[in-house]
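Per the numbering used here, the sequence shown starts with residue 69, numbered consecutively.
Structure, as structure tokens:
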Amino acid sequence: MGFLTRIGVAIDSELLTRFDNFIAKRGYTNRSEAFRDLIRDRLVTATIEDPRAAVVGTVTLIYDHQSRLLPEKLMNLQHAHHEVIVCTTHAHLDHDSCLEVIVLKGHSKRVQKLADALIGIKGVQHGRLVMSSPKTCLPKTA
Ligand code: NI
Numbered sequence: 069m070g071f072l073t074r075i076g077v078a079i080d081s082e083l084l085t086r087f088d089n090f091i092a093k094r095g096y097t098n099r100s101e102a103f104r105d106l107i108r109d110r111l112v113t114a115t116i117e118d119p120r121a122a123v124v125g126t127v128t129l130i131y132d133h134q135s136r137l138l139p140e141k142l143m144n145l146q147h148a149h150h151e152v153i154v155c156t157t158h159a160h161l162d163h164d165s166c167l168e169v170i171v172l173k174g175h176s177k178r179v180q181k182l183a184d185a186l187i188g189i190k191g192v193q194h195g196r197l198v199m200s201s202p203k204t205c206l207p208k209t210a
């Protein structure tokens, strides 16, 4: 972590009021941490747009395990890309529904492509990929 630098930001009062309401709903106790989080989030977004960026990600899937061939297709796809998959967690939500969270690590393009393939398997009811870039979140001190 670097040393702290104070900056001044000129901002429209209505925009600032909206921002204060926004951060209050999310439990921030001061603007500085909220600004830092917004900056980190934008930097991560910019980083993961690079197809060769090193990223980590989670794919969350909801599906009915009785859907024909779906569990086998999910398993086969994960084995075919085992070098990108860190681990998988499965929860049986009820008699029919399953929640699966798959942790991925690799180049942005590869992680995105595998996530799209997993989410696109017929029978997956809902799926979402969240990617992050740990090195972008925690820049080294200059
Ligand atoms: Ni299950």
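Just so it is clear, CB atoms sit at the ideal spot from N, CA and C, and this is done for glycine as well.
Limits of the beta strand (DSSP E) - the one that residue i falls within
i: R120; result: Counting along the chain, R120 falls outside any beta strand (DSSP E), and DSSP gives it neither H nor E.
i: A159; result: I153 to H160
i: Q193; result: V192 to S200
Assumed close pair residue i, residue j - CB separation to whole angstroms, cut-off 8 Å
i: T115; j: T204; result: 4 Å
i: H160; j: L182; result: At roughly 24 Å, the Cβ-Cβ gap does not stay under 8 Å, so H160 and L182 are not in contact.
i: I153; j: L172; result: 6 Å
Same chain only: Cβ atoms within 8 Å of residue i, ignoring 5 sequence neighbours per side
i: I187; result: V127, L129, G195, R196 and L197
i: I91; result: R99 and A102
Separation of residue j from residue i, as counted between CA atoms
i: R74; j: S100; result: 10 Å
i: R94; j: H158; result: 29 Å
i: H163; j: T156; result: 20 Å
i: D80; j: A122; result: 37 Å
i: S176; j: D105; result: 21 Å
i: L137; j: D184; result: 18 Å
i: G85; j: A78; result: First, the amino acid is wrong: residue 85 is Thr here, not Gly. So the alpha carbons of these two residues sit roughly 13 Å apart.
i: P202; j: F87; result: 26 Å
i: L16; j: N89; result: Any question about residue 16 goes unanswered here, given that the chain covers just 69 to 210.
i: N144; j: D118; result: 28 Å
Contacting residues, own chain, Cβ-Cβ under 6 Å from residue i (five flanking each side not counted)
i: V192; result: L129 and Y131
i: P139; result: H133
i: I189; result: K141
i: G76; result: none
i: R110; result: none
i: S200; result: V112 and V124
i: V169; result: T126, T128 and T157
i: Q146; result: I153
i: G174; result: V152
Boundaries of the alpha helix (DSSP H) in which residue i is found, first to last residue
i: I75; result: First-last for I75: undefined, no H or E at that position.
i: S81; result: S81 to K93
i: S176; result: S176 to I187
i: Q134; result: Here Q134 belongs to no alpha helix (DSSP H), and DSSP marks it neither H nor E.
Proximal residues to residue i (C-beta, below 7 Å), its chain only, five neighbours per side dropped
i: S165; result: I130 and D132
i: R178; result: V152
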